[in-house]
Amino acid sequence: MKEKVEICYSVAEACRKKGYDVKDSVEIPLAADMAERVEELLSIKGIAQDIRDLSKEMTREEVSLEMSRRVVKRYIDEGRDAALEKAVRTGLAILTEGILVAPLEGITGLKILKNRDGSEYVSVAYAGPIRGAGGTAQALSVLIADIVRRDLGIGRYVPFDDEVERYIEEIQSYNRVKHLQYLPTPEEIKTVIRNCPVCIDGDGSEQEEVSGHRNMERISTNRIRGGMCLVLCEGLIQKSKKILKHTEKLGIQEWNFLTEIGKKEVNEEDSKSNKFLQDMVAGRPVFSHPGRPGGFRLRYGRSRVSGLAAASI
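Under the working numbering, think of the first position of the sequence shown as 2, with each following residue one higher.
Written out as structure tokens, the structure reads:
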């Protein structure tokens with residue numbers, strides 16, 4: 002099978018060389034496993050075998066953290082910016098198994114910038130495609146950036162007061178435009194922004210602009226930054242316990258502020274989520290309330306009675 006695939010690829014390459022297509026080469030490279038997919042996706046040669054070796058002893062999340070540190074050491078000669086970018090994208094590609102575009106298009110750039118006191122910090126700009134990576138990978142990408150900036154000797158992000166208020170306004174505005182899985186409280190947002198050692202930034206992805214906290218020194222747009230909102234709310238805050246698990250293993254005390262996240266008082270009557278009822282369009286029928294005996298349940302997906310290309314409801 003492998004030989005026949007290689008023959009097909011050689012024919013396709015020969016056809017592309019004729020110049021009738023947009024590109025003169027086949028865009029999709031061959032890859033045998035996750036390690037090879039990551040290597041080909043990022044065009045960073047020589048990391049596939051390291052990923053395979055580490056995967057025998059570590060979980061995928063641990064492999065992503067360790068490989069990020071190895072990549073930054075390997076490419077430090079190319080400059081800190083290049084080493085930082087390659088390391089964070091490698092970690093995210095491993096978390097997403099080299100399948101998604103999130104490592105390429107979900108992060109639009111990583112920069113080393115300066116605080117008011119002259120110290121340096123790392124800023125990661127996220128975009129909409131980061132959504133596909135899932136909350137855990139989004140959150141871990143911020144942790145990876147923090148671990149890498151430590152290895153490079155770069156300082157932590159120190160936010161201005163008006164920047165903190167901008168985050169609060171922006172997240173609430175984004176939730177009105179595009180629904181968030183989890184909308185943190187203003188106190189939770191303040192806690193994370195004031196304590197997170199990495200700046201979570203993004204490109205202006207929505208047409209709507211913020212009404213206050215405009216034309217800011219270190220925020221390049223007045224438009225709502227969708228990628229930032231996703232990573233902060235559905236990643237870092239919603240998956241705070243998973244981040245803490247890794248920081249405790251690594252002995253990083255700087256992330257302990259996450260222990261204060263998500264400690265809301267839960268009313269026993271409201272413990273069964275009624276959130277979907279709040280967002281219901283007027284006039285739609287309610288089949289079932291959450292947890293109600295005899296309620297309507299919908300299951301969908303593949304089952305034993307459907308084929309590989311079919312879905313059952």
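Yeah, the Cβ is synthetic: ideal placement off N, Cα and C, and Gly gets one too. If you're wondering where the values come from, they're calculated on a predicted model, not measured in any experiment.
C-beta contact flag for residue i and residue j at 8 Å
i: G227; j: Y175; result: yes
i: D204; j: T97; result: no
i: V125; j: A140; result: no
i: I89; j: S142; result: In the sequence as presented, Ile is not what sits at residue 89; that position holds Val. For V89 and S142, yes; Cβs fall inside 8 Å.
i: R81; j: I113; result: yes
i: R53; j: D152; result: no
i: I131; j: L66; result: no
i: I238; j: E188; result: no
i: Y127; j: G107; result: yes
i: R167; j: V102; result: no
Pairwise C-alpha distance: residue j and residue i
i: L144; j: I244; result: 7 Å
i: D34; j: Q50; result: 11 Å
i: L184; j: K191; result: 13 Å
i: E266; j: S241; result: Note that E266 scores a pLDDT of 48, beneath 50, so its modelled location is shaky; the value from the coordinates is reported in the next line. Cα-Cα distance, rounded: 17 Å.
i: T260; j: G252; result: 15 Å
i: S289; j: V165; result: 40 Å
i: I1; j: S304; result: Residue 1 lies beyond the range of the chain shown here (2 to 314); nothing can be said about it.
i: G156; j: D163; result: 21 Å
i: Q173; j: G133; result: 21 Å
i: Y158; j: V199; result: 5 Å
i: Y10; j: R224; result: 44 Å
i: I95; j: R285; result: 42 Å
i: E235; j: L181; result: 7 Å
i: P160; j: E218; result: 11 Å
i: K19; j: V72; result: 37 Å
i: E269; j: R150; result: Only weak support is given to the placement of E269: the predicted model assigns it a pLDDT of 47, under 50, and the question is left unresolved by the model.
i: R316; j: G129; result: Any property of residue 316 remains undetermined from this structure, which presents the chain solely from 2 to 314.
i: G92; j: N216; result: 33 Å
i: G213; j: I220; result: 13 Å
i: I262; j: P104; result: 27 Å
i: A119; j: A36; result: In the sequence on display, residue 119 carries Gly and not Ala. If I take the Cα positions, the gap works out to 39 Å.
i: S307; j: K3; result: 30 Å
i: K250; j: F258; result: 16 Å
i: V23; j: V12; result: 17 Å
Same chain, Cβ closer than 6 Å to residue i, five either side skipped, listed in chain order
i: A32; result: R38, E41
i: L233; result: I201
i: E209; result: V178, I225
i: Y21; result: none
i: V6; result: none
Per DSSP, cross-strand counterpart(s) of residue i
i: C9; result: Answer by DSSP bridge pairing: none, since C9 is not bridged.
i: K115; result: E121
i: G203; result: Y127
i: E210; result: R224
DSSP-derived helix/strand/coil call for residue i
i: R224; result: strand
i: A126; result: strand
i: I108; result: strand
i: G135; result: coil
i: G302; result: strand
i: G284; result: coil
i: S69; result: helix
i: M229; result: helix
i: P198; result: coil
i: G296; result: coil
i: E62; result: helix
i: K18; result: coil
i: G236; result: helix
i: L181; result: coil
i: T91; result: helix
i: A32; result: coil
Cβ neighbours of residue i in the same chain (closer than 7 Å, five flanking residues each side left out)
i: W256; result: I244, L245, T248
i: E86; result: L111
i: M68; result: I48, D51, I52, L55, T91, G92, I95
i: A83; result: Y76
i: F297; result: F288, S289
i: R117; result: none
Other residues of its chain near residue i: CB distance less than 8 Å, five sequence neighbours each side excluded
i: T137; result: E62, L96, G236, K240, K243
i: K115; result: E121, Y122
i: M59; result: E67
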